[in-house]
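K.L.:
Right, I'll just put the structure down here and ask away after.
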Amino acid sequence: MKKGKLFVISGPSGAGKGTICKKVLETDSNIKFSVSMTTRSPREGEVNAVDYHFTDKESFLNLIEEGGLLEHNCYLDNYYGTPKKQVMQWIESGHDVILEIDYHGAIQVREAYPECIMIFIMPPSVEELKQRLCGRGSETEDVINKRLEEACNDIAHADMYDYCVVNEDVESATAQVLEIMKDKED
Ligand code: 5GP
């Protein structure tokens, strides 16, 4: 059986990559989304096992120890990582898989799985990013400022990606991501 492809999608928090991933998934049921594990607390409306597998630090560290994560990173005092088993099963059974992770994780995935295709979602501007982060209303100013700082770090790593998509508007950014994914099927 033909194996599926592994797509890594990164971009600063607030760049809209979550929305784009959702829209991509809606268009093709063959594409699977890897739900990450995190030790961060759920935001309002977030659902366990849908948005993240929410867990505690001890369980997370145990999973690293057991080799159960494809990659992981610590971001603003919380751990984030990709459970390996499910991703590998999907690829083996012919599904394309999307990982929505940061550049620290992307570097690890490329090491472990060099065939992966890496796409960076760029916000139209830092000003716009700030507005989107503030608009969430779920974080303190301190956290927003830290996220902005991290965002600039993320953007500085955009050129290690195979593709960069600027999210001026969600529909056209989604179309561009789908186009990249389709191209890779040929
Ligand atoms: P948030 O707290 O906004 O959901 O995510 C914070 C950052 O962690 C984002 O840049 C997001 O892409 C990244 N992230 C989410 N899941 C993972 C993961 O499984 N691995 C890594 N390395 N980063 C992740």
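Each residue of the sequence shown is one higher than the one before, counting from 28 in our numbering.
Don't be surprised by glycine CBs; every beta carbon is placed ideally from N, CA and C.
(1) Checking the sheet assignment: what are the DSSP bridge partners for K59?
(2) Is C101 buried or exposed, if buried means 16 or more other CB atoms sit within 10 Å of its CB?
(3) Mind checking which residues open and close the beta strand (DSSP E) that includes H99?
(4) Tell me which residue opens and which closes the beta strand (DSSP E) that C191 is part of.
(5) Starting from M115 and walking both ways along the alpha helix (DSSP H), at which residues does that stretch end?
(6) Under the three-state reduction of DSSP, which class applies to M187: helix, strand or coil?
(7) For L65, which of helix, strand or coil comes out of DSSP?
(8) Give me the Cβ distance between G94 and M64, rounded to the nearest whole Å; I'm assuming they're in contact under 8 angstroms.
(9) Determine the extent of the beta strand (DSSP E) in which S37 is found, giving its start and end residues.
(10) Is there at least one non-hydrogen atom of the ligand 5GP closer than 6 angstroms to the beta-carbon of N100?
P.N.:
Taking the geometry as given:
(1) Residue pairing of K59 in beta bridges, as defined by DSSP: V124.
(2) By the Cβ-count criterion, C101 is exposed, with fewer than 16 other Cβ atoms from all chains shown falling within 10 Å of its own Cβ.
(3) For H99, the uninterrupted beta strand (DSSP E) segment begins and ends at L96 to Y102.
(4) Y190 to V193
(5) K111 to E119
(6) helix
(7) Sequence check: residue 65 is Thr here, not Leu. Note: T65 maps to strand in three-state DSSP.
(8) So it is not a contact: roughly 14 angstroms between Cβ atoms.
(9) L33 to S37
(10) yes
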